[in-house]
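Beneath this line is the structure, given in structure tokens, with notes to follow.
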Ligand code: FNR
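Set out below in structure tokens:
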């Protein structure tokens, strides 16, 4: 595929594969172990079909929405993905600018190669900060304070990573952050670099620094050190959704970490509805994992999501074309989603209902 002739989000992956060093491409693309969940994240969307409504005036369509009180142009947001300067020299700056140009939210990874202050300085925009909880809680408290001061509007607390999932290509490649880059948020704390290890350097880093004792009481603790709303990222069951509500979460992100943690968990789109039901409308539920088409966005909203996040499409388009690539991904998804709404007879997000889709697991009507 030539760059000028890109017509959908998925096409960026093969361009990125050609451009990037193998170690970097593999890190971005991989899932854990058998990568069953990785393909399932995509496949599951094809088990959901539309029940479009016809002869509805769709000459005007509004896809704007509000997330945690922030007005955004569409229910499509950017998930945290680590180390974006491996994809492109402008890394997280480019992503932040593309998100802001599209009028949507970017989530910055704890493990970004640009700091919270640097990303804030690149221009206006609504941004969330993704948090990994380190063993050293002073590090966490400092970082959260810095994110707050830099104007980040919410914390996405990642709860599916007490240890790093087994990503075999990272083990084979002995993946480490290239020496010219650092995990910028941790640079001053002597935690910004990754040692070469006999397996994945990132897995060793996580084993050394990330707190395996993390539990629900820490969700409460986090609320004592910040006034920012907390999104719990990585919920896959009704049981945990109910606890998240109890624990004071401002929202839930149904996520399997892009299939990079526990393999053989269901596709996120399959887990979404039970989480939505369990929250009983008390807090918004978001989804990430395998969203590559506007139709995927619609399906997630029909199953009760308030919005979705994209991960790999950002790093692949960033690798291909920098900021312009990420802008293009957001633009293509926006246009596809709007078209899906028109063709299924919906003029606003609140008009999207469960009856606009039928899933393979629904009882026959
Ligand atoms: C991730 N993800 C992730 N999540 C997180 O909480 N902190 C992080 O630093 C990262 N880093 C990261 C790097 C890369 C290369 C990928 C692919 C993913 C997970 C990410 O936020 C999101 O859950 C998934 O990427 C969503 O799935 P898709 O859109 O990639 O299929």
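In my numbering, the protein residues as written are 7 to 371. Using N, Cα and C, we set each Cβ at its ideal position, and we do this for glycine too. As the structure is a computational prediction, the values presented were derived from the model and not from experiment.
message: Can you check which of these residues, 27, 257, 285 and 270, is closest to residue 91 by C-alpha distance?
response: Locating residue 91 in the chain shown gives position 85, counting from the first residue. Checking every option, the nearest Cα to that of residue 91 belongs to 27.
message: Between 272, 161 and 197, which has its C-alpha nearest residue 232's C-alpha?
response: In the chain shown, the residue the question calls residue 232 occupies position 226. With distances taken between Cα atoms, residue 232 lies closest to 161.
message: For residue 434 and residue 243, what's the separation of their Cα atoms in angstroms?
response: The displayed coordinates of the chain run from 7 to 371. Any statement about residue 434 would go beyond what the structure contains.
- request: Take residue 383 and list the residues in its own chain whose beta-carbon comes closer than 6 Å to its own, dropping the five residues that flank it on each side.
  value: Outside the displayed range of the chain (7 to 371) lies residue 383, so it cannot be described from this structure.
- prompt: When every heavy atom of the ligand FNR is checked, does at least one fall within less than 7 Å of the C-beta of residue 316?
  reply: Position 310 of the chain shown, counted from the first residue, corresponds to residue 316. Result yes, Cβ under 7 Å from the ligand FNR.
- prompt: How is the alpha helix (DSSP H) around residue 322 delimited, first residue to last?
  reply: Position 316 of the chain shown, counted from the start, is the residue given in the question as residue 322. Run containing residue 322: 318 to 350, per the alpha helix (DSSP H) assignment.
query: Taking 7 Å as the cut-off, is the CB of residue 334 close to at least one heavy atom of the ligand FNR?
result: Counting from one through the chain shown, the residue named residue 334 turns up at place 328. No heavy atom of the ligand FNR is found nearer than 7 Å to the CB of residue 334.
message: Looking at the secondary structure, which residues open and close the alpha helix (DSSP H) in which residue 74 lies?
response: Reading the chain shown from its first residue, position 68 is the one you call residue 74. Where residue 74 is concerned, there is no enclosing alpha helix (DSSP H), because DSSP gives it neither an H nor an E.
message: Is it buried or exposed, residue 191, if we count other Cβ atoms within 10 angstroms and call 16 or more buried?
response: Taking the chain shown and counting its residues from 1, one reaches residue 191 at position 185. Label assigned to residue 191: buried.
- prompt: For residue 226, does the count of other Cβ atoms within 10 angstroms reach 16, so buried, or fall short, so exposed?
  reply: Within the chain shown, residue 226 is the residue found at index 220, counting from 1. Per the 10 Å Cβ criterion, exposed.
- prompt: Does DSSP classify residue 292 as helix, strand or coil?
  reply: Position 286 of the chain shown, counting from 1, holds the residue named residue 292. DSSP places residue 292 within a strand segment (E or B) once states are collapsed to three.
- prompt: Under 7 Å from any heavy atom of the ligand FNR, does the C-beta of residue 250 make it?
  reply: Here residue 250 refers to the residue found at position 244 of the chain shown. Not under cutoff, so the answer is no.
query: Measuring CB to CB, does residue 2 end up less than 8 Å from residue 326?
result: Because the chain here runs from 7 to 371, residue 2 falls outside it and cannot be looked at.
- prompt: Looking only at its own chain, which residues have a Cβ that is under 6 Å from the Cβ of residue 211, when we skip the five neighbours before and after it?
  reply: To locate residue 211, count along the chain shown from 1; it is residue 205. For residue 211, where only same-chain residues beyond five positions count, the Cβ hits under 6 Å are 200.
query: Looking at C-beta atoms only, is the number of pairs between the segment 357 to 366 and the segment 127 to 137 that lie closer than 8 Å three or more?
result: No, they do not touch.
Coil, strand or helix - residue 240 by DSSP: If you number the chain shown from 1, residue 240 lands on position 234. In the structure shown, residue 240 sits in a strand (DSSP, three-state: E or B).
- prompt: Between 241, 254, 255 and 253, which lies nearest to residue 264 when the distance is taken from Cα to Cα?
  reply: Position 258 of the chain shown, counted from the first residue, corresponds to residue 264. Of the residues 241, 254, 255 and 253, the one whose Cα lies closest to the Cα of residue 264 is 241.
- prompt: Do the segment 314 to 321 and the segment 344 to 361 meet, that is, are 3 or more Cβ pairs less than 8 Å apart?
  reply: Fewer than three beta-carbon pairs drawn from the segment 314 to 321 and the segment 344 to 361 are found closer than 8 Å, and the two stretches are therefore not classed as touching.
query: Run through DSSP, which three-state label would residue 361 get?
result: Against the chain shown, residue 361 aligns to sequence position 355. Of the three classes helix, strand and coil, the one that applies to residue 361 here is helix, per DSSP.
message: As an exercise, report each continuous alpha helix (DSSP H) stretch of at least 4 residues that is fully enclosed by the segment 138 to 207, in chain order.
response: The DSSP assignment places complete alpha helix (DSSP H) segments of no fewer than 4 residues inside the segment 138 to 207 at 143 to 155 and 174 to 179, in order along the chain.
task: In the DSSP assignment, find the beta strand (DSSP E) that holds residue 128 and state where it starts and stops.
output: Translated into positions along the chain shown, residue 128 becomes position 122. Premise fails: residue 128 is in no beta strand (DSSP E) and is neither H nor E.
query: Measuring from the CB of residue 277, is there a heavy atom of the ligand FNR at a distance below 7 Å?
result: Taking the chain shown and counting its residues from 1, one reaches residue 277 at position 271. Result no, Cβ not under 7 Å from the ligand FNR.
query: CB residue 229 to CB residue 166, shorter than 8 Å?
result: Residue mapping note: residue 229 aligns to position 223 of the chain shown, counting from 1. Residue mapping note: residue 166 aligns to position 160 of the chain shown, counting from 1. Result no, Cβ atoms of residue 229 and residue 166 do not sit closer than 8 Å.
task: Can you give me the Cβ contacts of residue 331 inside the same chain, cut-off strictly under 7 Å, excluding the 5 residues immediately before and after it?
output: Along the chain shown, one-based indexing puts residue 331 at 325. Hits under 7 Å: 18, 323 and 324.
message: Is there a Cβ of chain B sitting closer than 8 Å to that of residue 238, yes or no?
response: Although the question refers to chain B, the structure presented lacks it and comprises just one protein chain.
query: Got a sec: does the ligand FNR put a non-hydrogen atom nearer than 7 Å to the Cβ of residue 70?
result: As a first step, residue 70 is located in the chain shown; it is residue number 64 there, counting from the start. Proximity of the beta carbon of residue 70 to the ligand FNR is not indicated: no heavy atom of the ligand is located closer than 7 Å.
task: With a threshold of 7 Å, establish whether the CB of residue 151 neighbours any heavy atom of the ligand FNR.
output: Looking up residue 151 in the chain shown gives position 145. No, the beta carbon of residue 151 sits no closer than 7 Å to any heavy atom of the ligand FNR.
Boundaries of the beta strand (DSSP E) in which residue 257 is found, first to last residue: One-based indexing of the chain shown puts residue 257 at position 251. First-last of the beta strand (DSSP E) with residue 257: 257 to 260.
task: Would you mind stating whether residue 67 and residue 80 have Cβ atoms separated by less than 8 Å?
output: Numbered from its first residue, the chain shown carries residue 67 at position 61. Numbered from its first residue, the chain shown carries residue 80 at position 74. Cβ distance not < 8 Å, so residue 67 and residue 80 don't count as in contact.
- prompt: What residue does the alpha helix (DSSP H) around residue 113 start on, and which one ends it?
  reply: Reading the chain shown from its first residue, position 107 is the one you call residue 113. Careful: residue 113 lies outside any alpha helix (DSSP H), inside the beta strand (DSSP E) at 112 to 114.
message: Classify residue 270: buried if its beta carbon has 16 or more other beta carbons within 10 angstroms, exposed otherwise.
response: The count along the chain shown starts at 1 and reaches residue 270 at position 264. With fewer than 16 neighbouring CB atoms inside 10 Å of its own CB, residue 270 falls in the exposed class.
field: Validate contact between the segment 33 to 51 and the segment 170 to 187 using beta carbons, cut 8 Å, 3 pairs
entry: By the criterion of at least three beta-carbon pairs nearer than 8 Å, the segment 33 to 51 is in contact with the segment 170 to 187.
- request: Check the C-beta distance from residue 111 over to residue 150 and give it rounded, since I have them as a contact under 8 Å.
  value: Here residue 111 refers to the residue found at position 105 of the chain shown. Here residue 150 refers to the residue found at position 144 of the chain shown. Actually they are not in contact, since the Cβ atoms of residue 111 and residue 150 sit about 18 Å apart, beyond 8 Å.
Pair within 8 Å by beta-carbon distance, residue 82 and residue 343: Counting from one through the chain shown, the residue named residue 82 turns up at place 76. Counting from one through the chain shown, the residue named residue 343 turns up at place 337. Contact: yes.
query: Are the segment 332 to 352 and the segment 46 to 55 touching by the rule of at least three beta carbon pairs closer than 8 Å?
result: Contact fails: fewer than three Cβ-Cβ distances are below 8 Å.
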